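A short worksheet on the structure shown next.
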Ligand SMILES: Cc1cc2nc3c(=O)[nH]c(=O)nc-3n(C[C@H](O)[C@H](O)[C@H](O)COP(=O)(O)OP(=O)(O)OC[C@H]3O[C@@H](n4cnc5c(N)ncnc54)[C@H](O)[C@@H]3O)c2cc1C
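In our numbering, the protein residues as written are 11 to 352.
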């Protein structure tokens, strides 16, 4: 059985920073990733979204170039070539988060799904790994609400929107938070007619109300339809919505993008076997990011409360010194690395 000072579960922003930091401090570290190295930020989050926003901004600036004393121009927009340029950006960044890079930093990368079988052991069914400490950095996934009919249609989320083949003519964006708002404006600038459906009385509810108002005005000036205090009730060919008075309406669409929040990735980890407590908001930790199991820490979106790459980075940097064993254990282990005391 392979033994480590630290096993990090999740190879996204938080997990990568924690693993690299702890390995740099001399710990024997394993990193587990079940899908793609780089996590959300590289594969489905910050990187593709900021890249497509850049294309959309160029379209918008060019279409409205007269305000700069230049001749306006309309592009012939092909979604597949825009998305190909997004992939190019991702490919440039991917080597920084790759298995090769982390192996070169001294981290043992294990690709696959492992779960706790005891407080100090995880297994993928074939192999068991043991560690003195753990850091859980499994991130979050788009939350898809139980709206009747939604499970009967192929809807979009920030996970799969990057595989779209054609630009939707009529796109509904469910949710006016940061992810919904940025993708709504982007697709409108690419040429879709976009309707944002938001249950709250303003967009971007975590921002100051002046910001929400400014963004709404800008969206409307750019041709988006913004429906506030509007609840998505059901999908039955079209989207049935209702206002606070119970007044119903119908919105036609050819694609619907669900961006109503993100749920922590806590399932399938066997957290109960490790004694790690969690609820629907994520893994519970103290101020030092230590979970209810004293030797297990957690960081990033699976903890929250702020689901950003820089928060995950910061938490991971704060966690790394705690998750490794005491310095005297390290100097002992560097003399005889295999003998880790549990
Ligand atoms: C569309 C979009 C745009 C965004 N834009 C920004 C932005 O501009 N700026 C910003 O700061 N943040 C942005 N974010 C948020 C940012 O992507 C996240 O906050 C960040 O990726 C969180 O890092 P993390 O390490 O906690 O989780 P993640 O990056 O999600 O990494 C978690 C990793 O764990 C893996 N994993 C999950 N379960 C298991 C398991 N059981 N075993 C092994 N591995 C597992 C996953 O495959 C994943 O690779 C955006 C997010 C989205 C969706």
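Note that the Cβ used here is the ideal one computed from N, Cα and C, for glycine as well. These numbers come from a predicted model, not from an experiment.
Using alpha carbons as the reference points, say which of 310, 199, 236 lies closest to residue 73.
-> Translated into positions along the chain shown, residue 73 becomes position 63. Taking each of 310, 199, 236 in turn and checking the Cα distance to residue 73, the smallest one comes out for 199.
Can you list, in chain order, the stretches of the alpha helix (DSSP H) that have 4 or more residues and sit fully within the stretch 80 to 116?
-> Listed in chain order, they are 89 to 103, 109 to 114.
Does the stretch 160 to 175 come close enough to the stretch 79 to 98 that 3 or more CB-CB pairs lie under 8 Å?
-> A contact exists between the stretch 79 to 98 and the stretch 160 to 175.
Is the closest heavy atom of ligand 3 to the C-beta of residue 56 under 6 Å?
-> Among the ligands in the structure shown, ligand 3 does not appear; only ligand 1 can be found there.
Measuring from the CB of residue 132, is there a heavy atom of ligand 1 at a distance below 6 Å?
-> On the chain shown, residue 132 is found 122 positions in, with the first residue counted as 1. In this structure, ligand 1 has no non-hydrogen atom nearer than 6 Å to the beta-carbon of residue 132.
Ligand 1 heavy atom lying under 6 Å from the CB of residue 29 | Here residue 29 corresponds to residue number 19 of the chain shown, with the count starting at 1. No, since every heavy atom of ligand 1 falls outside the 6 Å radius drawn around the Cβ of residue 29.
Beta carbon of residue 12: closer than 6 Å to some heavy atom of ligand 1?
-> By 1-based counting over the chain shown, the position of residue 12 is 2. No; taking the cut-off as 6 Å, the Cβ of residue 12 has no heavy atom of ligand 1 nearer than that.
For ligand 1, is there a heavy atom less than 6 Å away from the beta-carbon of residue 108?
-> For the purposes of this step, residue 108 is taken as the residue at position 98 of the chain shown. Not one heavy atom of ligand 1 falls within 6 Å of the beta-carbon of residue 108.
Residue range of the unbroken beta strand (DSSP E) whose run includes residue 305 | Mapped onto the chain shown, residue 305 falls at position 295. First-last for residue 305: undefined, no H or E at that position.
Starting from the N-terminal side, write out each stretch of the alpha helix (DSSP H) that is 4 residues or longer and does not extend beyond the stretch 216 to 288.
-> Here the runs fully enclosed are 219 to 231, 281 to 284.
Can we count residue 51 as close to ligand 1, meaning its CB is less than 6 Å from some heavy atom?
-> Within the chain shown, residue 51 is the residue found at index 41, counting from 1. Yes; taking the cut-off as 6 Å, the Cβ of residue 51 has a heavy atom of ligand 1 nearer than that.
For residue 320, does the count of other Cβ atoms within 10 angstroms reach 16, so buried, or fall short, so exposed?
-> As a working mapping, residue 320 is identified with position 310 in the chain shown. Around the beta carbon of residue 320, fewer than 16 other beta carbons sit within 10 angstroms, so the residue counts as exposed.
Proximal residues to residue 154 (C-beta, below 6 Å), its chain only, five neighbours per side dropped | Within the chain shown, the letter at position 144 stands for residue 154. The residues are 268.
So, do the stretch 255 to 262 and the stretch 270 to 278 have three or more beta carbon pairs nearer to each other than 8 Å?
-> For the pair of segments examined, the stretch 255 to 262 was found not to touch the stretch 270 to 278: the number of CB pairs separated by less than 8 Å stays below three.
Alpha helix (DSSP H) runs wholly inside the stretch 33 to 75, at least 4 long, in chain order | Positions of the alpha helix (DSSP H) runs, each at least 4 residues long and wholly inside the stretch 33 to 75, are given as 49 to 53, 56 to 73 in order along the chain.
Can you tell me whether DSSP reads residue 158 as helix, strand or coil?
-> Residue mapping note: residue 158 aligns to position 148 of the chain shown, counting from 1. It is coil, neither helix nor strand.
Span of the alpha helix (DSSP H), counted from its first residue to its last, around residue 195 | Within the chain shown, the letter at position 185 stands for residue 195. Its alpha helix (DSSP H) spans residues 188 to 200.
Got a sec, what are the start and stop residues for the beta strand (DSSP E) residue 206 sits in?
-> Stepping through the chain shown from its first residue, residue 206 is reached at position 196. 203 to 207 is the span of the beta strand (DSSP E), which, as asked, contains residue 206.
Please work out which residues of its chain come closer than 7 Å, Cβ to Cβ, to residue 241, disregarding the five sequence neighbours upstream and downstream, and give them in chain order.
-> Indexing the chain shown from 1 puts residue 241 at position 231. These residues qualify, in order along the chain: 209, 251, 252.
For ligand 1, any of its heavy atoms closer than 6 Å to the Cβ of residue 153?
-> By one-based count along the chain shown, residue 153 stands at place 143. Relative to ligand 1, residue 153 has its C-beta separated by 6 Å or more from all heavy atoms.
For residue 275, verify whether its CB is less than 6 Å away from any heavy atom of ligand 1.
-> The residue labelled residue 275 in the question sits at position 265 within the chain shown. Result yes, Cβ under 6 Å from ligand 1.
Would you be able to state if there are at least three C-beta pairs under 8 Å between the stretch 295 to 313 and the stretch 324 to 331?
-> With a cut-off of 8 Å on Cβ pairs, the stretch 324 to 331 is in contact with the stretch 295 to 313, counting three or more such pairs.
Could you tell me if residue 79 is buried or exposed, where buried requires 16 or more neighbouring beta carbons within 10 angstroms of its beta carbon?
-> Indexing the chain shown from 1 puts residue 79 at position 69. Residue 79 counts as exposed, since fewer than 16 other C-beta atoms from the protein chains shown sit within 10 angstroms of its C-beta.
In its own chain, which residues sit with a C-beta less than 8 Å from the C-beta of residue 220, not counting the 5 before and 5 after it?
-> In the chain shown, residue 220 corresponds to position 210, counting from 1. Excluding five sequence positions before and after residue 220, none of the CB atoms of its chain fall closer than 8 Å to its own CB.
Which partner residues does residue 140 have in the DSSP bridge list?
-> Start at 1 with the first residue of the chain shown, and residue 140 comes out as number 130. Paired residue(s): 13, 131.
Under 8 Å Cβ to Cβ from residue 248, same chain only, skipping five residues before and after it: list those, please.
-> As a first step, residue 248 must be located in the chain shown, where it is residue number 238. Taking residue 248 as the centre and dropping the five residues before and after it, the same chain places the C-beta of 260, 261, 262, 263 closer than 8 Å to its C-beta, in chain order.
Stretch pair the stretch 19 to 26 + the stretch 308 to 322: three plus CB contacts closer than 8 Å | Yes, the stretch 19 to 26 is in contact with the stretch 308 to 322.
Just the Cα atoms here: how many angstroms apart are residue 272 and residue 81?
-> Indexing the chain shown from 1 puts residue 272 at position 262. Indexing the chain shown from 1 puts residue 81 at position 71. Rounded to whole angstroms, the separation of the alpha carbons of residue 81 and residue 272 is 42 Å.
Sufficient close CB pairs (3 or more, under 8 Å) joining the stretch 45 to 57 to the stretch 133 to 142 | Short answer: they don't touch.
Unbroken beta strand (DSSP E) run spanning residue 182, endpoints = By 1-based counting over the chain shown, the position of residue 182 is 172. Annotation for residue 182: the continuous beta strand (DSSP E) segment containing it runs 180 to 184.
Going along the chain, which residues of its own chain have a beta-carbon closer than 7 Å to the beta-carbon of residue 111, five neighbours each way excluded?
-> Position 101 of the chain shown, counted from the start, is the residue given in the question as residue 111. So the qualifying residues of the chain are 105.
Extent of the continuous beta strand (DSSP E) run through residue 164 = Translated into the one-based positions of the chain shown, residue 164 becomes position 154. For residue 164, no beta strand (DSSP E) encloses it, and the DSSP letter there is neither H nor E.
Best match in 157, 132, 156 for proximity to residue 146 [C-alpha to C-alpha] | Residue 146 sits at position 136 when you count from the first residue of the chain shown. Proximity to residue 146 across 157, 132, 156 peaks at 132, based on C-alpha coordinates.
Can you give me the start and stop residues for the beta strand (DSSP E) that residue 152 sits inside?
-> In the chain shown, residue 152 corresponds to position 142, counting from 1. Where residue 152 is concerned, the enclosing beta strand (DSSP E) stretches over 150 to 152.
Should residue 47 go down as buried or exposed, given a rule of 16 or more other Cβ atoms within 10 Å for buried?
-> The residue given as residue 47 occupies position 37 in the chain shown. So residue 47 ends up on the buried side.
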